[in-house]
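*Asks:* First, the structure itself, so that you have it in front of you.
There are 2 protein chains.
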Amino acid sequence: MGQGGTEADSLSRILPDIINNPPRPFLDPDFMASEPSAGMVFSGGRLDRLSEERDEQTLTKAIHDEAARFIAIDAGHVLLTRTGDDTADCLFSYDGLTALNPRFDRAVLLGTGPDGPRLAVPVALSRDSLDETKFDLAKPLGAMDFRTVARKGVLTAEAYGDLCYGAALLAWHATARFCARCGGQTVMKQAGAKRQCVACERDHFPRTDAVVIMLIADKDRCLLGRSHHFPPGMYSALAGFIEPGETMEMAVRRETFEESGIRVGEVRYHSTQPWPFPHTLMIGCMGEALESDIHRDEGELDDCRWFTRDEVLAILKGDGPVDGEGEPEFFFPPAMAIANRLVTAWAEGEV
Amino acid sequence: MGQGGTEADSLSRILPDIINNPPRPFLDPDFMASEPSAGMVFSGGRLDRLSEERDEQTLTKAIHDEAARFIAIDAGHVLLTRTGDDTADCLFSYDGLTALNPRFDRAVLLGTGPDGPRLAVPVALSRDSLDETKFDLAKPLGAMDFRTVARKGVLTAEAYGDLCYGAALLAWHATARFCARCGGQTVMKQAGAKRQCVACERDHFPRTDAVVIMLIADKDRCLLGRSHHFPPGMYSALAGFIEPGETMEMAVRRETFEESGIRVGEVRYHSTQPWPFPHTLMIGCMGEALESDIHRDEGELDDCRWFTRDEVLAILKGDGPVDGEGEPEFFFPPAMAIANRLVTAWAEGEV
Chain X
27 MGQGGTEADS LSRILPDIIN NPPRPFLDPD FMASEPSAGM VFSGGRLDRL SEERDEQTLT
87 KAIHDEAARF IAIDAGHVLL TRTGDDTADC LFSYDGLTAL NPRFDRAVLL GTGPDGPRLA
147 VPVALSRDSL DETKFDLAKP LGAMDFRTVA RKGVLTAEAY GDLCYGAALL AWHATARFCA
207 RCGGQTVMKQ AGAKRQCVAC ERDHFPRTDA VVIMLIADKD RCLLGRSHHF PPGMYSALAG
267 FIEPGETMEM AVRRETFEES GIRVGEVRYH STQPWPFPHT LMIGCMGEAL ESDIHRDEGE
327 LDDCRWFTRD EVLAILKGDG PVDGEGEPEF FFPPAMAIAN RLVTAWAEGE V
Chain R
27 MGQGGTEADS LSRILPDIIN NPPRPFLDPD FMASEPSAGM VFSGGRLDRL SEERDEQTLT
87 KAIHDEAARF IAIDAGHVLL TRTGDDTADC LFSYDGLTAL NPRFDRAVLL GTGPDGPRLA
147 VPVALSRDSL DETKFDLAKP LGAMDFRTVA RKGVLTAEAY GDLCYGAALL AWHATARFCA
207 RCGGQTVMKQ AGAKRQCVAC ERDHFPRTDA VVIMLIADKD RCLLGRSHHF PPGMYSALAG
267 FIEPGETMEM AVRRETFEES GIRVGEVRYH STQPWPFPHT LMIGCMGEAL ESDIHRDEGE
327 LDDCRWFTRD EVLAILKGDG PVDGEGEPEF FFPPAMAIAN RLVTAWAEGE V
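Protein chains in written order, with my numbering: chain X, 27 to 377; chain R, 27 to 377.
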């Protein structure tokens with residue numbers, strides 16, 4: 027848990043080892059197969075972060091390492107190269123980025139894989155190339171926003187994990203340029219693993235915001251709501267930030283009560299999903315509804331209602347009720363979202 | 027999850043209601059009795075935070091409400107009044123604080139209970155009164171550091187919860203006085219529920235750092251370590267911050283592998299504990315050890331070893347091995363700490 031980092035062995039640890047002795051894997055896909063968290067998009071990262079074995083020269087050495095590969099990010103979009111009809115790659119070599127205005131001075135080291143150092147770097151793409159309507163996977167090169175990338179499933183699980191990590195880390199660095207305590211300027215340290223204030227020398231570490239997202243249900247019905255900004259017809263699990271002085275279970279009960287007026291009994295942990303919007307940890311829970319009468323917080327929710335298991339199963343299958351134009355009346359977030367996993371797990375009786 | 031807050035009904039919601047219509051309780055102690063998280067010190071908070079129903083006048087009205095009660099905090103210490111031989115109270119009235127240099131301009135509203143608004147306020151006590159060696163519960167009034175308060179068990183579960191919440195919130199405000207994005211000054215909003223930059227108007231919300239703390243074990247032994255700063259003989263569960271792009275389970279496996287070289291298989295959630303040092307969420311897990319040979323990170327840990335179930339049970343009972351002076355060779359963190367709960371739960375076969 028210590029966040030110091032000894033300079034002593036760092037140079038001998040970082041780059042030579044990356045190439046000559048690939049780090050021993052500590053995340054074995056086998057035993058994770060049945061783990062709900064491991065099935066989430068963005069949870070496939072397998073890099074050795076070596077956060078404690080970094081010094082002032084680590085970043086420069088990593089950037090200029092022949093084996094280094096970069097994830098190039100601009101304004102919530104990631105740069106992709108086409109590798110097949112429905113597949114893409116988000117890794118670029120140093121030379122492969124030179125045409126794209128890479129900001130190597132703002133690059134961060136994510137860690138090392140068997141193939142060498144992996145970094146994330148901000149690039150400045152033309153606004154034109156960030157226009158979704160213009161994006162075409164048939165083109166050899168293009169930019170795609172994170173949500174679309176996650177929905178299309180064009181990357182490998184590991185690439186999604188590294189993209190989430192890089193996107194969250196770059197987003198944090200971009201908004202942590204000053205010391206919140208004294209107002210002084212901060213500079214990147216440990217190849218991006220932290221920042222430090224040049225005035226008061228306070229260390230600042232990447233922020234991750236813990237959010238509880240909960241499927242509240244009784245025997246036959248689950249509670250779903252829609253925020254004012256949701257597309258028409260979309261319903262999802264209730265969610266909210268864990269506040270100071272709360273346990274996970276307390277946050278589930280408070281948020282559910284504030285938004286729907288429903289009191290919650292037993293709460294069970296289901297899974298977590300890292301979420302790069304901008305740097306969130308979604309903590310998925312199942313909760314037992316203690317009552318039926320909904321008192322919606324109109325400031326928070328556009329609607330909040332009960333769905334029976336049969337309704338949910340039909341909607342998941344695309345057989346739900348339709349409106350006058352034959353459009354589905356209800357739908358849930360896409361499979362990439364933990365909300366979808368919670369709803370599906372409940373409907374299928376997994377939990 | 028929205029963090030706007032409508033001014034419309036706020037004045038009609040906040041203070042009048044607090045006094046005339048106590049908020050409907052949504053945390054029922056009954057169904058929480060068996061919940062590991064609910065048994066933790068600092069997890070007993072029951073206030074209605076009403077974070078969304080606060081406006082510019084809420085704080086002033088709350089401070090001057092006759093029924094308002096304040097938790098007075100200075101430099102990691104809380105002010106206490108004696109209520110019995112082994113019991114104390116941490117709530118003060120506005121008048122009760124005037125002699126203690128209260129900084130009402132920095133007070134934060136925690137929420138409302140059946141008895142009215144509850145706030146936390148920084149005070150400036152004499153260094154003398156912060157000297158532990160001078161503290162004496164027999165005195166009618168005194169200051170005690172948070173850890174000692176938690177260890178002594180002198181407060182009610184609810185008071186511990188409110189203290190943790192107030193301490194974490196004040197600690198965050200004290201270190202969030204400038205905008206980390208633009209360097210501008212920030213000001214408190216929503217009676218302390220957020221801060222806002224006067225220059226770029228960015229909202230800043232209280233930060234909670236998610237830490238995984240895990241008891242890694244095989245059938246008969248558990249893995250415990252000691253940081254360099256631990257008192258001699260103390261061993262605890264390994265722990266570390268959840269980093270961007272990680273699930274809870276991944277963080278457990280990475281931290282355990284980095285610190286001990288042990289790979290972890292199945293990971294199960296056990297409980298969470300809010301922890302006011304300064305604003306942390308401890309996420310307690312049980313993890314399955316996949317191997318036996320420890321490769322300790324010497325920068326992180328002073329020692330790391332296996333303890334058999336019998337050794338753990340003996341140490342918990344105070345019947346562990348002793349050194350030459352008859353002092354216990356090993357001990358674990360006090361019962362107030364989630365680490366103690368994890369070790370005890372494993373040793374007693376609860377999980």
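Even glycine gets a Cβ: it sits at the ideal position worked out from N, Cα and C.
Only a predicted model underlies this, so the values are computations on that prediction, with no experimental measurement involved.
Between which two residues does the beta strand (DSSP E) holding Arg-294(R) run?
*Replies:* Where Arg-294(R) is concerned, the enclosing beta strand (DSSP E) stretches over 290-301.
*Asks:* Return the residue from the list Trp-332(X), Leu-327(X), Phe-267(X) and Val-238(X) that minimises the CA-CA distance to Arg-294(X).
*Replies:* Ranking the options by Cα distance to Arg-294(X), first place goes to Val-238(X).
*Asks:* Would you mind reading off the limits of the alpha helix (DSSP H) that contains Thr-89(R)?
*Replies:* A small correction: the amino acid at residue 89(R) is Ile; Thr does not occupy that position in the sequence shown. 84-89 is the extent of the alpha helix (DSSP H) around Ile-89(R).
*Asks:* Which one of Phe-231(R), Cys-208(R) and Cys-226(R) has the shortest CA to CA distance from Lys-215(R)?
*Replies:* Comparing Cα-Cα distances from Lys-215(R) to each of Phe-231(R), Cys-208(R) and Cys-226(R), the minimum goes to Phe-231(R).
*Asks:* Given this structure, state the Cα-to-Cα distance separating His-305(R) from Ser-69(R), to the nearest angstrom.
*Replies:* The alpha-carbon atoms of His-305(R) and Ser-69(R) are separated by roughly 13 Å.
*Asks:* Below 8 Å between beta carbons is the criterion; list the residues of the segment 298-312 of chain R that meet it against any residue of chain X, in chain order.
*Replies:* For the segment 298-312 of chain R, which is checked against every Cβ of chain X, the residues closer than 8 Å are Thr-298, Gln-299, Pro-300, Pro-302, His-305, Leu-307 and Ile-309.
*Asks:* Taking 8 Å as the cut-off, does the segment 138-151 of chain X touch the segment 183-199 of chain X (at least 3 CB pairs, one atom from each stretch)?
*Replies:* Enough Cβ pairs lie closer than 8 Å, so yes.
*Asks:* Leaving out five residues before and five after Asp-100(R) in sequence, what residues of the same chain have Cβ atoms less than 8 Å from its Cβ?
*Replies:* So the list reads Pro-148, Val-149, Ala-150, Leu-151, Leu-156 and Ala-169, once near-sequence residues are dropped.
*Asks:* Return the Cβ separation of Gly-251(R) and Asp-329(R) in integer angstroms, given the expectation that the two are a contact with Cβ distance under 8 Å.
*Replies:* About 6 Å separates the two Cβ atoms, so the contact holds.
*Asks:* Taking just the CA atoms, how far does Leu-307(X) sit from Thr-298(X)?
*Replies:* Their backbone Cα atoms lie some 7 Å apart in a straight line.
*Asks:* Look up Phe-357(X) in the DSSP assignment and say whether it is helix, strand or coil.
*Replies:* In this structure, Phe-357(X) counts as strand in the three-state DSSP scheme.
*Asks:* Glu-292(X): buried (16+ other C-beta within 10 angstroms of its C-beta) or exposed?
*Replies:* Exposed is the call here.
*Asks:* Starting from the Cα of Tyr-120(X), find the closest Cα among Ile-309(X), Arg-289(X), Leu-368(X) and Ala-94(X) and give me that residue.
*Replies:* Of the listed residues, the one whose Cα sits closest to Tyr-120(X) is Ala-94(X).
*Asks:* Under the three-state reduction of DSSP, which class applies to Arg-367(X): helix, strand or coil?
*Replies:* Here Arg-367(X) sits in helix by DSSP.
*Asks:* How big is the Cα-Cα spacing for His-254(R) and Val-104(R)?
*Replies:* Cα to Cα, the separation comes out at about 28 Å.
*Asks:* Report buried or exposed for Arg-129(X), applying the criterion of at least 16 other Cβ atoms within 10 angstroms of its Cβ.
*Replies:* Burial call: exposed.
*Asks:* Smallest Cα separation from Asp-131(X): which of Leu-241(X), Ala-88(X), Arg-322(X) and Glu-78(X)?
*Replies:* Answer by Cα proximity: Ala-88(X).
*Asks:* Using DSSP with H/G/I as helix, E/B as strand and the rest coil, what is Leu-76(R)?
*Replies:* Residue state, collapsed to three classes: coil.
*Asks:* Chain R partners of Glu-275(X), CB-CB under 8 Å?
*Replies:* Met-58, Glu-61, Ser-63, Ala-64 and Thr-298, listed in chain order.
*Asks:* Can at least three beta-carbon pairs, one atom from the segment 268-285 of chain R and one from the segment 311-325 of chain R, be found at a separation below 8 Å?
*Replies:* Yes, the segment 268-285 of chain R is in contact with the segment 311-325 of chain R.
*Asks:* Any beta carbon from chain R within less than 8 Å of Thr-113(X)'s own beta carbon?
*Replies:* Output row for Thr-113(X): interface = no.
*Asks:* Where do the N-terminal and C-terminal ends of the alpha helix (DSSP H) with Leu-189(X) fall, by residue?
*Replies:* That run of the alpha helix (DSSP H) goes 183-200.
*Asks:* What does Ser-78(R) reach in chain X if we use C-beta pairs closer than 9 Å?
*Replies:* Before going further, note that residue 78(R) is Glu rather than Ser in the sequence given. The contacting residues are Glu-284, Asp-323, Gly-325 and Glu-326.
*Asks:* Spatial neighbours of Asn-127(X) within its chain, please: CB distance less than 7 Å, with the 5 preceding and 5 following residues excluded, ordered by chain position.
*Replies:* Excluding residues within five positions, the ones whose Cβ falls inside 7 Å are Val-149 and Ala-150.
*Asks:* If you reduce the DSSP assignment to three classes, tell me which class Met-362(X) lands in.
*Replies:* Three-state result, Met-362(X): coil.
*Asks:* By the 10 Å Cβ neighbour count, where 16 or more other Cβ atoms means buried, how is Glu-82(R) classified, buried or exposed?
*Replies:* Glu-82(R) is exposed by the Cβ-count criterion.
*Asks:* Would you decide whether Glu-355(X) is buried or exposed? Buried here means 16 or more other CB atoms lie within 10 Å of its CB.
*Replies:* So Glu-355(X) counts as exposed.
*Asks:* Does any residue of chain X have a CB that is nearer than 8 Å to the CB of Arg-129(R)?
*Replies:* Not an interface residue.
*Asks:* Measure how close the beta-carbons of Ile-309(X) and Leu-249(X) come, nearest whole angstrom, since I'm counting them as under 8 Å.
*Replies:* In fact, because the Cβ distance is near 18 Å, the residues do not count as touching under 8 Å.
*Asks:* Looking at the structure shown, is Met-276(R) part of a helix, part of a strand, or coil, going by DSSP?
*Replies:* Three-state result, Met-276(R): helix.
*Asks:* Shorter than 8 Å from the beta carbon of Ala-225(X) to some beta carbon of chain R?
*Replies:* It does not: the Cβ of Ala-225(X) has no partner Cβ on chain R nearer than 8 Å.
*Asks:* Chain X beta carbons: is any one of them nearer than 8 Å to that of Glu-82(R)?
*Replies:* No - not a single Cβ of chain X is within 8 Å of the one on Glu-82(R).
*Asks:* Are the segment 220-227 of chain X and the segment 108-124 of chain X in contact at 8 Å, needing three or more beta carbon pairs?
*Replies:* In short, these stretches do not touch, since the Cβ pair count stays below three.
*Asks:* Can you list the residues of chain R that Ser-69(X) reaches, using a CB-CB cut of under 9 Å?
*Replies:* Near Ser-69(X) (Cβ distances below 9 Å), the residues of chain R are Gly-271, Glu-272, Thr-273, Glu-275 and Met-276.
*Asks:* Among Leu-136(X), Glu-324(X), Leu-327(X) and Arg-331(X), which has the Cα closest to the Cα of Glu-317(X)?
*Replies:* The shortest C-alpha separation from Glu-317(X) is found at Arg-331(X).
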